[in-house]
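Colleague: Chains as they are written, first to last, in the working numbering: chain A, 6 to 135; chain B, 5 to 295.
We treat Cβ as the ideally placed atom computed from N, Cα and C, and that holds for glycine.
The model shown is predicted, which means the values in this text are computed figures rather than measured ones.
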Amino acid sequence: MKKLVTKISPELAKKVFAISGQNVYACYQCGKCSAGCPIADEMDLLPNQVIHMVQLGDERVLESKAIWLCANCFTCTVRCPRDINLTAVMEALRLLTLRKGIYKLDLRKIEHVEEFPQIALIAAARKLTG
Amino acid sequence: MKLLYFPGCSLKNYAQRYEKSALAVAKRFDIELVELKRWNCCGVVYSLASDSVFHHIAAVRNLIRAQEQMHETGNEKLVTLCSMCYQVLASVNHRLARDPEALETLNRFMDEEEDYLGTIEVLHFLQVLRDYIGFHKIKESLERKLENIRVAPYYGCMLVRPKEVAIDDPEDPSLLETLIASVGAKPIEYPFRTDCCGSYNVVANKDIVKIRVLRIIKPLLRNSADLIISVCPLCTFNLEYGMKLASRELYGKSIPVLYFTELLAYALGLDYALDKNVLATLNKLYEGGEK
């Protein structure tokens, strides 16, 4: 992330609210979501940074890897002291891309597809494609 | 007692062991799990978009199938084994109970099916063990007391989160520990029993699963766990797959992953319902423990 956002815009937060019903402005950045996230170590943005960017209206969050690595384990959601369903916020951010028909998984190009049980393939297809 | 049963894809393919052992355990306690005559994929992952109900259609169809067949059991309960199926069906049910507009939209979409009334109760088999059979009853019915077997309970995510559909405390569950203790075995304490296995990342980012599994398994090796018991076909796959990916980091060591129903079936002497390799693993541990 190169440049700082100089102009704060509520547009992204409005879109997230429309899809997920979650109000990101309730978040006071305590960081509990990032502390508990089992995949945070592998993310380019910590979960609390993802939500911060949405608060600021920084659309570059949509280009992050973090939102695609989130495996919907709901750890952040059960721990959030502000009762924000961050898992649903992550889903809303993914849907902003997926609903344009841009997918993050090409089902024809999965390596060793025969190794995986259908439960893994269908779950991945549901979360990473339209 | 009869209860309707929704298997889901894994139980008929990758996780047949899970179904076979669970049906045998239920039968042992006079519970007949009646498989739905017609069922389809549950959707695997619950859609979190509150502006759309499109992704709930598959789950609702299954709930309607249960509604159509509930006269056979005389109750409105639907039992699942796969924890992902449980979470999807229970979450969709939870949403529709609170969102009459969504229920109406979905009902309007169904052509051949009757309307879903929203009254089916989705249960996981662990709840059946706890609430309809009782752990004391299991204790009284043991054919083998599995003393000295050290068992790590692995809950994963879907049965304990989110709160709305959790069957146990999201931060400090105890169902599996109680189950392990009721067959006489020793439940192992470790920090990652409700941590995510990496889930569907295994398809596109398998290194995530490797990292997750290393984290979960390492304290278990140090604590000399004999077995891990799982509630989920995807957790089971990922734990086994992850241990293979990380075999160098784990110095070639691994821990067998069983479904909780297999441990239970073994303790109850239901060997006929166990996979050959699973039976061999358990026999070895049991006989080793007797010395």
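#1: By how many angstroms is the C-alpha of lysine 248 (chain B) removed from the C-alpha of leucine 27 (chain B)?
#2: Output, in sequence order along the chain, the residues in the segment 268–284 of chain B whose CB is closer than 8 Å to any CB in chain E.
#3: Given a cut-off of 7 Å, decide if leucine 262 (chain B) and leucine 231 (chain B) are closer than it, judged by their beta-carbon atoms.
#4: Using three-state DSSP, classify threonine 84 (chain B) as helix, strand or coil.
#5: If you follow the beta strand (DSSP E) that proline 157 (chain B) is in, where does it begin and where does it stop?
#6: For the segment 128–179 of chain B, which segments carrying the alpha helix (DSSP H) assignment without a break, of at least 4 residues, lie completely within its bounds, in sequence order?
#7: Just reading off the alpha helix (DSSP H) that phenylalanine 113 (chain B) is part of, what are its end residues?
#8: Show which residues of chain B have a CB atom less than 8 Å away from the CB atom of threonine 102 (chain A).
#9: Residue range of the alpha helix (DSSP H) that phenylalanine 22 (chain A) falls in?
#10: Quick one, which residues of the segment 46–72 of chain A are near chain B if we go by CB-CB under 8 Å, in chain order?
#11: Which residues bound the beta strand (DSSP E) around glutamate 36 (chain B)?
#12: Comparing alpha-carbon positions, which option in B:His75, B:Phe196, B:Val49, B:Tyr120 lies nearest alanine 125 (chain A)?
#13: Any residues in the segment 118–131 of chain A with a beta carbon nearer than 9 Å to a beta carbon of chain B? Which ones, in chain order?
#14: At least one CB of chain A closer than 7 Å to the CB of leucine 180 (chain B): is that the case?
#15: Would you decide whether arginine 165 (chain B) is buried or exposed? Buried here means 16 or more other CB atoms lie within 10 Å of its CB.
#16: Looking at the secondary structure, which residues open and close the alpha helix (DSSP H) in which lysine 16 (chain B) lies?
#17: Using only the alpha-carbon positions, how far apart do aspartate 275 (chain B) and alanine 284 (chain B) sit?
#18: Using a Cβ-Cβ cutoff of 7 Å, what residues of the segment 195–224 of chain B are near chain A? List them in chain order.
#19: Going along the chain, which residues of its own chain have a beta-carbon closer than 6 Å to the beta-carbon of arginine 99 (chain A), five neighbours each way excluded?
#20: Suppose the cutoff is 7 Å on Cβ atoms and the five residues either side in sequence are ignored; what does the same chain contact list for leucine 74 (chain A) look like?
#21: Indicate whether the contact test is met: 3 or more Cβ pairs, each with one atom in the segment 255–274 of chain B and one in the segment 22–37 of chain B, closer than 8 Å.
#22: If you count every other CB in all the chains shown that lies within 10 Å of the CB of aspartate 172 (chain B), and 16 or more means buried, which is it?
#23: Over the uninterrupted alpha helix (DSSP H) stretch that includes phenylalanine 264 (chain B), give me the two end residues.
#24: Is valine 261 (chain B) helix, strand or coil by DSSP?
#25: Could you work out which residues of chain A lie near lysine 24 (chain B), taking near to mean beta carbons separated by less than 8 Å?
#26: Tell me where the beta strand (DSSP E) around serine 22 (chain B) begins and ends.
#27: Count the other CB atoms, across all protein chains shown, that sit within 10 Å of the CB of tyrosine 33 (chain A); report buried if there are 16 or more and exposed otherwise.
#28: Between glycine 144 (chain A) and chain B, is the shortest Cβ-Cβ distance under 7 Å, so that the two count as touching?
#29: At 7 Å on the CB atoms, spell out the chain B contacts of isoleucine 115 (chain A), in chain order.
#30: With burial defined as no fewer than 16 other Cβ atoms inside 10 Å of the residue's Cβ, what is the status of lysine 288 (chain B): buried or exposed?
#31: Can you grab the Cα-Cα spacing for the pair cysteine 236 (chain B) / cysteine 86 (chain B), in whole Å?
#32: Out of B:Lys190, B:Pro177, B:Arg112, B:Gly256, point me to the one whose CA is closest to phenylalanine 58 (chain B)'s CA.
#33: Going by alpha carbons, who is nearest to alanine 156 (chain B) out of B:Ala277, B:Arg252, B:Ile221?
#34: Which residues does DSSP pair with isoleucine 232 (chain B) in a beta bridge?
#35: How long is the line joining the alpha carbons of tyrosine 158 (chain B) and valine 55 (chain A), rounded to whole angstroms?
#36: Output, in chain order, the set of chain B residues within a Cβ distance shorter than 7 Å of proline 43 (chain A).
Modeller: The structure says:
#1: Leucine 27 (chain B) and lysine 248 (chain B) have their C-alpha atoms some 30 Å from each other.
#2: Among the chains of the structure shown, chain E does not appear; the protein chains present are A and B.
#3: Yes, the pair counts as a contact, with Cβ atoms nearer than the cut-off.
#4: For threonine 84 (chain B), the three-state secondary structure derived from DSSP is strand.
#5: Residues 154–158.
#6: If we require 4 residues or more, the alpha helix (DSSP H) runs fully inside the segment 128–179 of chain B come out as 129–132, 139–144.
#7: Counting along the chain, the alpha helix (DSSP H) containing phenylalanine 113 (chain B) begins and ends at 104–113.
#8: Simply none; closest approach about 13 Å.
#9: Here the alpha helix (DSSP H) through phenylalanine 22 (chain A) covers 16–25.
#10: Result list: Asp46, Glu47.
#11: Where glutamate 36 (chain B) is concerned, the enclosing beta strand (DSSP E) stretches over 36–39.
#12: Nearest of B:His75, B:Phe196, B:Val49, B:Tyr120 to alanine 125 (chain A), Cα basis: B:Val49.
#13: From the segment 118–131 of chain A, only Val118, Glu120, Phe121, Pro122, Gln123, Ile124, Ala125, Leu126, Ile127, Ala128, Ala129, Ala130, Arg131 have a Cβ closer than 9 Å to chain B.
#14: With respect to chain A, the C-beta atom of leucine 180 (chain B) has no partner C-beta closer than 7 Å.
#15: Buried is the call here.
#16: From DSSP, the alpha helix (DSSP H) with lysine 16 (chain B) extends over 13–16.
#17: Within the model, the alpha-carbon separation for aspartate 275 (chain B) versus alanine 284 (chain B) is close to 10 Å.
#18: Listed by position along the chain: Asp199, Cys200, Gly202, Ser203, Tyr204, Asn205, Val206, Val207, Ala208, Asn209, Ile212, Ile215, Arg216.
#19: The beta carbon of arginine 99 (chain A) sits closer than 6 Å to the beta carbons of Ile72 from its chain, once the five residues preceding and following it are set aside; these are given in chain order.
#20: Ile44, Glu47, Met48, listed in sequence order.
#21: Verdict: yes, contact present.
#22: It is buried - the Cβ of aspartate 172 (chain B) has at least 16 other Cβ atoms within 10 Å.
#23: Unbroken alpha helix (DSSP H) run through phenylalanine 264 (chain B): 264–271.
#24: In the structure shown, valine 261 (chain B) adopts extended strand secondary structure according to DSSP, grouped into three states.
#25: For lysine 24 (chain B), none of the residues of chain A pass the 8 Å Cβ criterion, the least Cβ distance being about 17 Å.
#26: In the sequence as displayed, the identity of residue 22 (chain B) is tyrosine instead of serine. Unbroken run through tyrosine 22 (chain B) is the alpha helix (DSSP H), 20–32; no beta strand (DSSP E).
#27: Its Cβ having fewer than 16 others within 10 Å, tyrosine 33 (chain A) is exposed.
#28: In the structure as shown, chain A starts at 6 and stops at 135, and residue 144 (chain A) therefore has no counterpart that could be examined.
#29: Within chain B, the residues near isoleucine 115 (chain A) are Val207.
#30: Classification of lysine 288 (chain B): exposed, given that the 10 Å Cβ count is below 16.
#31: If I take the Cα positions, the gap works out to 5 Å.
#32: For phenylalanine 58 (chain B), the closest C-alpha among the options B:Lys190, B:Pro177, B:Arg112, B:Gly256 is that of B:Arg112.
#33: Comparing Cα-Cα distances from alanine 156 (chain B) to each of B:Ala277, B:Arg252, B:Ile221, the minimum goes to B:Ile221.
#34: Under the DSSP definition of a beta bridge, isoleucine 232 (chain B) partners with B:Ala156, B:Val261.
#35: Rounded to whole angstroms, the separation of the alpha carbons of valine 55 (chain A) and tyrosine 158 (chain B) is 29 Å.
#36: Neighbours of proline 43 (chain A) on chain B, chain order: Asp199, Cys200, Arg216.
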